[in-house]
Amino acid sequence: MARYTGPKDKISRRFGVPLFGPSKALDRRNYPPGPHGLRSGRRKKSDYAIALGEKQKLKFIYGVLEKQFRGYFAEASRRRGITGDLMHQLLETRLDNVCYRLGFANSRQSARQLVNHGHVLVNGKKLDIVSYQVRPGDKIQIGPRASSQQLGLRMLDITQSVPLMDWITLDREKMEGTVARLPEKDDLEAPVNLQLIVELYSR
1 MARYTGPKDK
11 ISRRFGVPLF
21 GPSKALDRRN
31 YPPGPHGLRS
41 GRRKKSDYAI
51 ALGEKQKLKF
61 IYGVLEKQFR
71 GYFAEASRRR
81 GITGDLMHQL
91 LETRLDNVCY
101 RLGFANSRQS
111 ARQLVNHGHV
121 LVNGKKLDIV
131 SYQVRPGDKI
141 QIGPRASSQQ
151 LGLRMLDITQ
161 SVPLMDWITL
171 DREKMEGTVA
181 RLPEKDDLEA
191 PVNLQLIVEL
201 YSR
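Quick note: the sequence shown uses this note's numbering, first residue 1, plus one each step.
Structure representation (structure tokens):
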């Protein structure tokens, strides 16, 4: 599946927030990239540019490209409720993101690779579709292969200090997580203005 494979620190510096996880680049150079970045600082942007930037940030955070992102917006628009929150919920309940939230990987990119390589079971069956939408009651676990188990143990050790989201539960011994419920508005955290994204697509 297509994904962004370009430089990550430059993107984070462009938006001024760590979109791909903790980054020392923002501490060292907290100004936009490019030959004029230090002199230009953070220039004033038009309303359209601000909304476009919010959309780009959310796409980079979850690692989806434009066509797929539009699909999430279209699906959220069809559902009953607040479109921005529903779109965010759809992104949050992707299988790769849930693996990341459970601590099976220390980044969404690593979680995507974990799923792609067949290390993850959903309800007892191997599933390598990173965009699979999990549902309440789904059980996500590390597969039984020795390589999968070793990888799972290493990742859970690395991520053990990361707080677990309220809408999922984790059995560290079994390396198995359960989706207790769908994430609600208070569970959804992202440094973006969802309403601006909705307005951008509604033009």
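Glycine residues also receive a C-beta, built at the ideal position from the N, C-alpha and C atoms.
Those residues which DSSP pairs with residue i across a bridge
i, result
"ARG94", "GLN133"
"GLY235", "Only positions 1 to 203 of the chain appear in the structure, and residue 235 is not among them; the question remains open."
Identity of the residue in the options nearest residue i by Cα
i, options, result
"ALA190", "ARG112, LEU95, LYS55 and ILE50", "LYS55"
"ILE140", "ASP187, ARG203, THR169 and ASP157", "THR169"
"MET87", "ASP138, LYS45, TYR72 and LYS44", "TYR72"
"GLN149", "PHE104, ALA74 and LYS44", "PHE104"
"GLY143", "ILE61, SER161, GLN160 and HIS117", "HIS117"
"GLU184", "ARG145, LEU52, THR83 and ASN106", "THR83"
Beta-carbon separation (whole angstroms), residue i vs residue j, contact threshold 8 Å
i, j, result
"GLN113", "GLY63", "That belief does not hold up - the Cβ atoms of GLN113 and GLY63 are roughly 11 Å apart, past 8 Å."
"ILE197", "LEU58", "6 Å"
"VAL179", "ASP138", "5 Å"
message: For the stretch 65-75 against the stretch 163-171, do three or more pairs of beta-carbon atoms, one drawn from each stretch, fall closer than 8 Å, so that the two count as touching?
response: Result no; under three Cβ-Cβ pairs closer than 8 Å.
Cβ contact (3+ pairs, closer than 8 Å) linking the stretch 125-134 and the stretch 79-99: Contact annotation: the stretch 125-134 touches the stretch 79-99, with at least three C-beta pairs closer than 8 Å.
- prompt: For the stretch 106-191, which segments carrying the beta strand (DSSP E) assignment without a break, of at least 3 residues, lie completely within its bounds, in sequence order?
  reply: With a minimum length of 3 residues, the continuous beta strand (DSSP E) runs that stay inside the stretch 106-191 are 120-122, 139-142, 168-171 and 176-179.
- prompt: Is the stretch 117-125 touching the stretch 86-94 in the sense that three or more CB pairs, one from each, lie closer than 8 Å?
  reply: Using a Cβ-Cβ distance cut-off of 8 Å, the stretch 86-94 and the stretch 117-125 are not in contact, since fewer than three pairs of beta carbons, one from each stretch, lie closer than that value.
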